[in-house]
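See structure below.
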Amino acid sequence: MIKRMTLAAALAGGATSNHDYINTTTRLFILERVWATASGKLKVEIQTGATTTALTTSWVGFNSTANPAVDVDCSGIRVATSGVVRVIRTNNDTAAQDVYSTIMGFLG
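Residues 2 to 109 (our numbering) make up the sequence shown, in order.
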């Protein structure tokens, strides 16, 4: 299992931060899950594509105070060599906050 976690520290209210995983192997990367969380309101958009400039949105999710994590089952989306998984994290709160995300998958 490949796991890539990143933190956007003190992301300003209304600001976005990208978390990219670029498949640098000669094998397919099979995306299984994306997990993201923040202490306040958060929007998470998951994109995949051949390059960082050719991405398609697959999912959009939001958290709440009752459910602070966004956990998306990506069900085996395949990302070719040089392909990209991007998680766009948007701070939907008014105050700055730390925002975390993890991209999980394996090589096929």
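Think of the CB as a built atom: it goes at the ideal place given N, C-alpha and C, for glycine as much as any other residue.
{"Query": "Contacts around A10, its chain only, beta-carbon distance under 8 Å, and the 5 residues preceding and following it disregarded", "Result": "D99"}
{"Query": "Nonlocal neighbours in the same chain, by C-beta distance under 6 Å from Y101, ignoring five residues either side", "Result": "L8, T38"}
{"Query": "Distance between beta carbons of A81 and N24, contact taken as under 8 Å", "Result": "7 Å"}
{"Query": "Span separating the alpha-carbon of W36 from that of T103", "Result": "5 Å"}
{"Query": "Proximal residues to S59 (C-beta, below 8 Å), its chain only, five neighbours per side dropped", "Result": "I47, Q48, T49, C75, I78"}
{"Query": "For S18: DSSP bridge partner residues", "Result": "R90"}
{"Query": "Beta-bridge partners of S102, as assigned by DSSP", "Result": "T7, A37"}
{"Query": "For L29, the three-state DSSP class (helix, strand or coil)", "Result": "coil"}
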